[in-house]
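Visitor: Heads up: the sequence shown begins at 285 in the working numbering, then just goes up one per residue. We put the CB at the ideal spot given by N, CA and C, even for glycine. On a predicted model such as this, the values are computed, not experimentally measured, just so you know.
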Amino acid sequence: MRLVSVENLSVSYGANTVLRAVDLEIESGEIVTVVGPNGSGKTSLLKAIIGATQPANGLVNLKPRLKIGYVPQRLNFDPTLPITVERFMRLTGNVERKSCMLALETAGVPQLLKCQMSELSGGQFQRVLLAGALINGPEILLLDEATQGLDQPGSAAFYRQIEAVRRETGCAVLMISHDLHVVMSAADRVICL
């Protein structure tokens, strides 16, 4: 089943066109990776898909009532805040502890529930963000440079976890990356911008 269809999409910021005439379809259960150099419009593509950026041209069509999980490129977090992983995950609304536990388990880090956010490594922090994106049972995960700041082994482990998430949940994944050699093994399709 088609979840996302992008047709002739262009995104501009003022006079600067960062994405030009992109076509993309994402089917249920597939992993698609978009790669390209800095400034090629990868993040703008994701923002257009979630409705955070208005296209200059073209269309973005989503399956009706599509449930999306999103992991941003960066999340500014004050490390001095005394907040546990569970509390962080429950900030988005009425989320039960059981849902937090299940999402952390799916992300491969169930032991982190009671840990302080400030004590997490970079890889653990990214897994918690992934768990947050999984908490409402998305049909598609959008990951924007989710391994930025991780070393090569950490990135490889994260991508293996994404493959496991897909196997467990059946959700589609659209990943943005500049790290082609790591994502090739995890992706069903790679799109170059």
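In this structure, how does DSSP classify T453 when only helix, strand and coil are distinguished?
Guide: T453 falls in the helix class under three-state DSSP.
Visitor: Quick one: give me the first and last residue of the alpha helix (DSSP H) that G353 is part of.
Guide: Run containing G353: none in the alpha helix (DSSP H); it sits in the beta strand (DSSP E), I352 to V355.
Visitor: For the structure I just gave you, are there three or more beta carbon pairs, one from the segment 432-442 and one from the segment 304-322, closer than 8 Å?
Guide: These segments do not touch.
Visitor: Between the segment 451-471 and the segment 368-383, do three or more beta carbon pairs fall short of 8 Å?
Guide: No: fewer than three Cβ pairs fall under 8 Å.
Visitor: If you reduce the DSSP assignment to three classes, tell me which class A430 lands in.
Guide: A430 falls in the coil class under three-state DSSP.
Visitor: Ends of the beta strand (DSSP E) at T301?
Guide: Looking at the DSSP string, the run of the beta strand (DSSP E) that includes T301 is N300 to E311.
Visitor: Grab me the residues of L350's own chain with a C-beta within less than 8 Å of its C-beta, minus the 5 sequence neighbours each way, in chain order.
Guide: Only L287, V288, E423 and I424 meet the Cβ criterion.
Visitor: Classify G416 as helix, strand or coil using the three-state DSSP reduction.
Guide: G416 falls in the helix class under three-state DSSP.
Visitor: What residue does the beta strand (DSSP E) around E291 start on, and which one ends it?
Guide: E291 -> beta strand (DSSP E) spans R286 to Y297.
Visitor: Measuring CB to CB, does V412 end up less than 8 Å from L418?
Guide: The answer is no: Cβ separation not under 8 Å.
Visitor: Output the distance between the C-alpha atoms of G406 and G433, rounded to the nearest integer angstrom.
Guide: Straight-line Cα distance between these residues: approximately 7 Å.
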